[in-house]
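Undergrad: In the working numbering, the protein residues as written are 66 to 323.
What follows is a single structure, and I will ask about it in a moment.
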Amino acid sequence: LEELQICSNDYTKISSDYGFQHESLKRLYISNNNITEWQSICRLGRLFSRLETLIASDNPLESFRSDEDVNICFSHLHTLSVDKVEISEWDDIVALTKLPRLNAVRIQLTPLLKPYQKDERFFLLLGYMKNITKLNGSVITANERETSERRFIRYYSQRDDKPQRYYELTEKHGNLKPLVDIKIRAPYLINVRLVYNQITHDKEIDVRQTVQQFKKYLHETFKIPLTRLRVFYVDDVAFNMGVCGPEELKYPQRLLHT
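Below is the structure:
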């Protein structure tokens, strides 16, 4: 058995006295239960010692911290989904960075992230989580990581509650001065030319929307079935200089401006 699904069973906790270990299970789905303590999730890691993927979304988890040794509980875990949980402190995100092989995380709807806009969540999560290569379904490019880490530094540079990660990043990127009149919520309306076959539309779009939302708009505008719709971005200046060609917008949950 390599995959087990035990979703929607109204579990509230996982006992520690099962007295067995299952070493072949790699993927576990335990979403939509009522587990509040991370300790129970860690016990699953002990029961299934070679677990690689854990889907634990839709649980009222209040923390990602416990006294368990995550190097033992999750020594092979590389993919974790904890969307729609109840964490409210950045220290819980820091706790996830202790998982030795974790590189893909899905987390969006939590009290912690609710006050922030999508682009803020993106650079803050990447800033804290140095080993993540995939966030909420999107592969992180080297440029996105560097940009996010630099924004992270500027964000915390004038705050009193600087986390340890801030000092680690200043050693890497230097003490970056705040940009003049920096605004986290900058204007995001841009003018673009939409081209499909011989049809052209000049439109103003909000680049804070996701690729999926933008494709839905194009579907309604050009009457193209979503299943057949592929979108490419062309930077006229870079294209004409031969610097780069069209870039396909492939990841549904990625914001247009990232």
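Beta carbons are placed, not taken as given, at the ideal position from N, Cα and C, and that holds for glycine.
Do you know how far the Cα of L174 is from the Cα of L200?
TA: Within the sequence shown, numbered from 1, the residue matching residue 200 stands at position 135. Within the sequence shown, numbered from 1, the residue matching residue 174 stands at position 109. For L200 and L174, the distance between alpha carbons rounds to 13 angstroms.
Undergrad: Taking the DSSP output, what are the residues bridged to L259?
TA: For the purposes of this step, residue 259 is taken as the residue at position 194 of the sequence shown. In the DSSP output, where bridge partners are listed per residue, L259 has H266.
Undergrad: E313 by DSSP, collapsed to three states: which one?
TA: As a working note, residue 313 is residue 248 in the sequence shown. Strand.
Undergrad: Which residue wins for smallest C-alpha separation from L126, given the options Q274, Y220, Y76, L234?
TA: Start at 1 with the first residue of the sequence shown, and residue 126 comes out as number 61. Taking only the C-alpha atoms, the option nearest L126 is Y76.
Undergrad: Can you give me the C-alpha to C-alpha distance between R210 and Y231, rounded to a whole angstrom?
TA: Within the sequence shown, numbered from 1, the residue matching residue 210 stands at position 145. Within the sequence shown, numbered from 1, the residue matching residue 231 stands at position 166. If I take the Cα positions, the gap works out to 14 angstroms.
Undergrad: Counting only runs that start and end within the region 122–175, where is the alpha helix (DSSP H) found for 4 or more residues in a row?
TA: Complete alpha helix (DSSP H) runs here, min 4: 135–138, 155–161.
Undergrad: Given a cut-off of 8 angstroms, decide if D157 and I130 are closer than it, judged by their beta-carbon atoms.
TA: Within the sequence shown, residue 130 is the residue found at index 65, counting from 1. Within the sequence shown, residue 157 is the residue found at index 92, counting from 1. First, the residue type needs correcting, since residue 130 is Arg and not Ile in the sequence shown. Yes, Cβ-Cβ distance for R130 and D157 is below 8 angstroms.
Undergrad: Considering Q70, what are the terminal residues of the beta strand (DSSP E) in which it resides?
TA: As a working mapping, residue 70 is identified with position 5 in the sequence shown. 68–70 is the span of the beta strand (DSSP E), which, as asked, contains Q70.
Undergrad: Return the CA-CA distance between I247 and S222, expressed in angstroms with no decimal places.
TA: On the sequence shown, residue 247 is found 182 positions in, with the first residue counted as 1. On the sequence shown, residue 222 is found 157 positions in, with the first residue counted as 1. Its pLDDT being 44, under 50, I247 is placed unreliably in this model, and the coordinates cannot settle the point.
Undergrad: Identify every residue that forms a DSSP beta bridge with E120.
TA: What you label residue 120 is simply residue 55 of the sequence shown in a count that begins at 1. According to the sequence shown, residue 120 is Ile rather than Glu. According to DSSP, I120 bridges with Y94, S146.
Undergrad: Below 6 angstroms CB to CB, which residues in the same chain sit around N256 once its five sequence neighbours on both sides are set aside?
TA: In the sequence shown, counting from the first residue as 1, residue 256 sits at position 191. Excluding residues within five positions, the ones whose Cβ falls inside 6 angstroms are E269.
Undergrad: Three-state secondary structure (DSSP) at T275?
TA: Numbered from 1 along the sequence shown, position 210 holds the residue referred to as residue 275. The answer is strand: DSSP assigns T275 an E or B state.
Undergrad: So, is G202 buried or exposed, given that buried needs 16 or more other C-beta atoms within 10 angstroms?
TA: Taking the first residue of the sequence shown as 1, we reach residue 202 at position 137. Its Cβ having fewer than 16 others within 10 Å, G202 is exposed.
Undergrad: For A207, count neighbouring Cβ atoms within 10 angstroms of its own Cβ and tell me buried if that reaches 16, exposed if not.
TA: Mapped onto the sequence shown, residue 207 falls at position 142. Exposed, because fewer than 16 other Cβ atoms sit within 10 Å of the Cβ of A207.
Undergrad: Does DSSP put F187 in a helix, in a strand, or in coil?
TA: Looking up residue 187 in the sequence shown gives position 122. Helix, per DSSP.
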